[in-house]
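In this note's numbering, the protein residues as written are 1090 to 1285.
We treat Cβ as the ideally placed atom computed from N, Cα and C, and that holds for glycine.
Everything numeric in this text was worked out from a predicted model, so none of it was measured.
Scroll down for the structure; my scribbles are underneath it.
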């Protein structure tokens, strides 16, 4: 198994394009934290490009009994058939791996990725929370899933206190907006773009 840290996963699965370009901050995070899988890879190779990662790896190996090895993206092709474990599967990582020479049969299908995107949608979280609250009163919170801007605005106008709205598929603290009191025009425009 080859481990890859791709923190752009949440945004890439939401965008669902093999050509998605993550924000610069996420690209930086990918480079800075590429060695993260060392802590759970259990002796398997970890993809981490760059001298900085190699220096860090060598330093950590002197201090701790690390069994894993670091490989570059270019080396993935030399590990045919061992399996690949990214942080998360999405069309972008699938496309990158295909370009690196990984064969189709080693990667999830587009159909599988479509199902994964569906399972990642907050609609499932809304349904699960409702079921959990029905089974056990220790679960708290209420969530809603809106597909119409008028329904969102109506809900917000009748609900007191601060609220948080989240995109249907997002993560890592992105894709959400806090409504502190009344909704603003800018926040309404955000809702309109998300629902569209």
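Closest Cα partner of residue i within the set the options
i: residue 1133; options: 1139, 1124, 1141 and 1266; result: 1124
i: residue 1196; options: 1179, 1207, 1211 and 1204; result: 1179
i: residue 1251; options: 1159, 1268 and 1236; result: 1268
i: residue 1284; options: 1236, 1110, 1275 and 1144; result: 1236
i: residue 1127; options: 1110, 1153, 1098 and 1111; result: 1153
i: residue 1177; options: 1272, 1093, 1274 and 1270; result: 1093
Residue range of the beta strand (DSSP E) that includes residue i
i: residue 1175; result: 1173 to 1175
i: residue 1268; result: 1265 to 1268
i: residue 1254; result: 1252 to 1255
As assigned by DSSP and simplified to three states, the class of residue i
i: residue 1185; result: helix
i: residue 1108; result: coil
i: residue 1215; result: helix
i: residue 1159; result: strand
Span separating the alpha-carbon of residue i from that of residue j
i: residue 1113; j: residue 1241; result: 32 Å
i: residue 1141; j: residue 1116; result: 15 Å
i: residue 1091; j: residue 1249; result: 49 Å
i: residue 1213; j: residue 1231; result: 13 Å
i: residue 1100; j: residue 1174; result: 18 Å
i: residue 1256; j: residue 1234; result: 10 Å
i: residue 1187; j: residue 1193; result: 7 Å
i: residue 1259; j: residue 1277; result: 18 Å
i: residue 1265; j: residue 1254; result: 5 Å
The alpha helix (DSSP H) enclosing residue i, as first and last residue numbers
i: residue 1201; result: 1199 to 1209
i: residue 1244; result: 1238 to 1247
i: residue 1145; result: 1140 to 1152
i: residue 1093; result: Looking at the DSSP string, residue 1093 is not in any alpha helix (DSSP H); the run it does join, the beta strand (DSSP E), is 1091 to 1093.
i: residue 1114; result: 1113 to 1121
i: residue 1277; result: 1274 to 1284
State whether the region 1101 to 1109 contacts the region 1203 to 1214, with contact taken as three or more CB pairs (one from each stretch) at a distance under 8 Å. The way I'd put it, the region 1101 to 1109 does touch the region 1203 to 1214; three or more beta-carbon pairs between them come closer than 8 Å.
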